[in-house]
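Here the structure is laid out as structure tokens; the discussion comes afterwards.
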Amino acid sequence: MVEVHFHLDDRLTNVRVNLARVERPEECVACGLCAEVCPVGAIEVEDRVRLDEGRCVGCSLCVQACPRRVLRYYELTFEDSEPRTRPVQVPRAEPEVRSIRVDLDVCEECEGKPCLEACPEDVMRRVIEEHVIDLDACRGCLECVKVCPHGAVSIELDVPELETRDPPTLNRELCVECDRCHEVCPTGATENVPAGSPDPDACIGCYVCVAHCPTEALKRPDHRPRPRRTERVYFIDPELCIGCRICYEACPVGAVEIEEETRMPVITPSECVRCGLCAEACPTSAIDTVPTDRAEREVRRALVGNAFLRTLQELLRSRAEREFGSLEERERRLRRRLERKLERRLKREALRREVREEVEEALRELVLRVGLEHGEDLDRG
Amino acid sequence: MLPDYLGQILTRKGGKRLLDAHSPRRILDRPPRFRDFPRIDLDRCVVCGACADACPVGEAENQPPALEMGDRGPVLHRERCIRCGLCAEVCPVGAIEVGTLAEEVKERVVPSKPARVVVDRDLCVGCGRCQEVCPSDAIEVDETASVDPERCVLCERCIQACPVAGAIKLIPLDVEELARRWTEHLKEALRRAREG
Chain A
909 MVEVHFHLDD RLTNVRVNLA RVERPEECVA CGLCAEVCPV GAIEVEDRVR
959 LDEGRCVGCS LCVQACPRRV LRYYELTFED SEPRTRPVQV PRAEPEVRSI
1009 RVDLDVCEEC EGKPCLEACP EDVMRRVIEE HVIDLDACRG CLECVKVCPH
1059 GAVSIELDVP ELETRDPPTL NRELCVECDR CHEVCPTGAT ENVPAGSPDP
1109 DACIGCYVCV AHCPTEALKR PDHRPRPRRT ERVYFIDPEL CIGCRICYEA
1159 CPVGAVEIEE ETRMPVITPS ECVRCGLCAE ACPTSAIDTV PTDRAEREVR
1209 RALVGNAFLR TLQELLRSRA EREFGSLEER ERRLRRRLER KLERRLKREA
1259 LRREVREEVE EALRELVLRV GLEHGEDLDR G
Chain B
3 MLPDYLGQIL TRKGGKRLLD AHSPRRILDR PPRFRDFPRI DLDRCVVCGA
53 CADACPVGEA ENQPPALEMG DRGPVLHRER CIRCGLCAEV CPVGAIEVGT
103 LAEEVKERVV PSKPARVVVD RDLCVGCGRC QEVCPSDAIE VDETASVDPE
153 RCVLCERCIQ ACPVAGAIKL IPLDVEELAR RWTEHLKEAL RRAREG
């Protein structure tokens, strides 16, 4: 019998797991929104939020809902041999205030009234001094609840509108009907696998099924091919590159980018899947593998060079415009005159001569004008 | 009266035959359907193991098969070989020859496979490296690669050559085992990530 290999490390390279973490527990005012939106009941709120990381599916709903940014969202990847965690931005929901309750009897005895200073919208001052509750002005930051020394302020928030990510897509060819997705899905959205992709209405976009699928039949909608663990990456030697952009056309994953100013192709190491199609296509053999860290360094240098060129060009242009007035009008005029010359179907040699004469004349004119203006400056000085 | 056989010996023709029987003779040509032991060309062998899988010897008797995989290729144990020729039939590169078998058996024997190799069309970038290394020409590349399951011998060369993680997958028939192993592997990785 052939020994069947499972290639689990290859599979692990493609795994991205999301998780929420309690980042600033001291900021929590126990409003309870996170527990309310959590689809798996992994959050308990007593006087502070408590997140059960073992049960969390990483759907990001609590992170979106929290008005005080107590929670933070992370992505865990296994691209290198070591797992790497990095924070991910999620849109923060706009909290909607249902009611503000203040115990005014307690408030009168309070000396410092720290809520007045803490409130960014002046809502608390109006409540306490004018007895007016302005729900529209309140942004629901709950800063007043946080600072009140007597616990006299309570604000009720509505469950805000939350964004869920798109459901994963199913590749029917790869599905082995192991039903792991059915077991791990918190909402039952994967019930129609393998007949079709998970139900978009029920799916909350936690992608737990994607991580648990043993054959990667389920994928995130934004998946992209990743290289296997390698130390080397393809790199375009700028000394040899002639800027023909054949590699740009050849790259199947769009890892080759054309720099805006230098107009030279550059391979982004993190995007490159090391397939080598560019190296095969390159007419000058300018592309070869180099150690990844060296490639990253060189690419950064190319980016700096590109940015430098652009800044230099912008600076020169703005300098020139200040000196000579708007260059665009002048350029347009010159171009129009040259086009008229083209219409006359001159011979190539004659055309070249005429163009040179035109440009020289325009330059002479410029120099003359600058000389005049500077002359005036001198007179005035 | 002499018995018949003696009478024949005493004839001129019979005497010659008797003489022939006791003198060195040239070895006869092998009959047209004679089947020798398999001859293995280790230079052409890709060490895929298809021959060892196909060998029917010892399956029932709990014995080792007549062909076993070594580091450089299959090793033949002549004392067990029954010269059935299945190994030659399944060899993807024609490194095994058994007499006149190729003409004799028209239908190719397809051994049952414990897994299948599948290309993930979402991940394949169509670079064609797998096609270059495939010993049995089972892979065709057109936008993305595709594997002919009949020709595939599960040598996993394509998986090793593929630059993209998980673009070519070996999916065993034992799905439960696969799911179990992956779940364990993932859990272990997550546990390590939490600790580190």
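Chains as they are written, first to last, in this note's numbering: chain A, 909 to 1289; chain B, 3 to 198.
Built from N, CA and C at the ideal position, the CB exists for glycine as well.
Since we're looking at a predicted model, the values are computed, not measured.
Where residue i falls: helix, strand or coil (DSSP)
{"i": "A/M909", "result": "Because the pLDDT of A/M909 is 48, which lies under 50, any placement of that residue in the model is unreliable, and the number read from its coordinates should be weighed accordingly. Coil, per DSSP."}
{"i": "A/N926", "result": "strand"}
{"i": "A/S1226", "result": "helix"}
{"i": "B/A147", "result": "strand"}
{"i": "A/L1065", "result": "strand"}
{"i": "B/D55", "result": "helix"}
{"i": "B/P94", "result": "coil"}
{"i": "A/Y1115", "result": "coil"}
{"i": "B/K171", "result": "strand"}
{"i": "A/F1232", "result": "helix"}
{"i": "A/V1267", "result": "helix"}
{"i": "B/A117", "result": "strand"}
{"i": "A/P933", "result": "helix"}
{"i": "A/D1196", "result": "strand"}
{"i": "A/V1275", "result": "helix"}
{"i": "A/T1077", "result": "strand"}
{"i": "A/K1021", "result": "coil"}
{"i": "B/T185", "result": "helix"}
With 16 other Cβ atoms within 10 Å as the buried cut-off, status of residue i
{"i": "B/L69", "result": "buried"}
{"i": "B/K115", "result": "buried"}
{"i": "A/N922", "result": "buried"}
{"i": "A/H1039", "result": "exposed"}
{"i": "A/V1275", "result": "exposed"}
{"i": "A/A1215", "result": "exposed"}
{"i": "A/S1178", "result": "exposed"}
{"i": "B/I84", "result": "exposed"}
{"i": "A/E1124", "result": "buried"}
{"i": "A/A1103", "result": "exposed"}
{"i": "B/F39", "result": "exposed"}
is_contact[residue i, chain A] using C-beta, thresh 8 Å
{"i": "B/C129", "result": "yes"}
{"i": "B/H187", "result": "yes"}
{"i": "B/D144", "result": "no"}
{"i": "B/E91", "result": "no"}
{"i": "B/R46", "result": "no"}
{"i": "B/G72", "result": "no"}
{"i": "B/A167", "result": "yes"}
{"i": "B/I200", "result": "A question about residue 200 of chain B goes unanswered here, because the residues of chain B that appear run from 3 up to 198."}
CB contact flag (residue i, residue j, <8 Å)
{"i": "A/C1149", "j": "A/A1163", "result": "no"}
{"i": "A/C967", "j": "A/C1114", "result": "yes"}
{"i": "B/R82", "j": "B/V59", "result": "yes"}
{"i": "A/L1050", "j": "A/I1063", "result": "yes"}
{"i": "A/Q972", "j": "A/R1000", "result": "yes"}
{"i": "A/P1173", "j": "A/V1118", "result": "no"}
{"i": "B/P94", "j": "B/R153", "result": "yes"}
{"i": "A/V1010", "j": "A/V1061", "result": "yes"}
{"i": "A/L969", "j": "A/V945", "result": "yes"}
{"i": "B/L172", "j": "B/V119", "result": "yes"}
{"i": "A/R980", "j": "A/P995", "result": "yes"}
{"i": "B/V143", "j": "B/G130", "result": "yes"}
{"i": "B/C157", "j": "B/V77", "result": "no"}
{"i": "A/V1116", "j": "A/V965", "result": "yes"}
{"i": "B/A147", "j": "A/P1133", "result": "no"}
{"i": "B/W184", "j": "A/R1136", "result": "no"}
{"i": "A/V1031", "j": "A/D1042", "result": "yes"}
{"i": "B/A117", "j": "B/C89", "result": "no"}
{"i": "A/E1251", "j": "A/A1210", "result": "no"}
Contact with chain D by residue i, beta-carbon distance below 8 Å
{"i": "A/G1184", "result": "The chain labelled as chain D is not found among the protein chains of the depicted structure, namely A and B."}
Contact with chain B by residue i, beta-carbon distance below 8 Å
{"i": "A/F914", "result": "yes"}
{"i": "A/N922", "result": "yes"}
{"i": "A/P1290", "result": "The structure shown does not extend to residue 1290 of chain A, since chain A spans only 909 to 1289, so no value can be given for it."}
{"i": "A/D1013", "result": "no"}
{"i": "A/L1078", "result": "no"}
{"i": "A/C1089", "result": "no"}
{"i": "A/F860", "result": "Past the edges of chain A, shown from 909 to 1289, lies residue 860 of chain A, and the structure says nothing about it."}
{"i": "A/R919", "result": "yes"}
{"i": "A/V1084", "result": "yes"}
{"i": "A/P1075", "result": "no"}
Problem set entry | the stretch 1257-1276 of chain A touching the stretch 1237-1246 of chain A, judged by at least three CB pairs closer than 8 Å | yes
Exercise. Is there contact between the stretch 187-196 of chain B and the stretch 123-143 of chain B, where contact requires at least three CB pairs shorter than 8 Å?
Worked result: no
For this session: Kindly confirm or deny that the stretch 1051-1059 of chain A and the stretch 1080-1093 of chain A touch, where touching means at least three C-beta pairs closer than 8 Å.
Result: no
Problem set entry | Contact between the stretch 1224-1235 of chain A and the stretch 1186-1206 of chain A (3+ Cβ pairs under 8 Å) | no
Problem set entry | Contact between the stretch 1021-1036 of chain A and the stretch 1080-1088 of chain A (3+ Cβ pairs under 8 Å) | no
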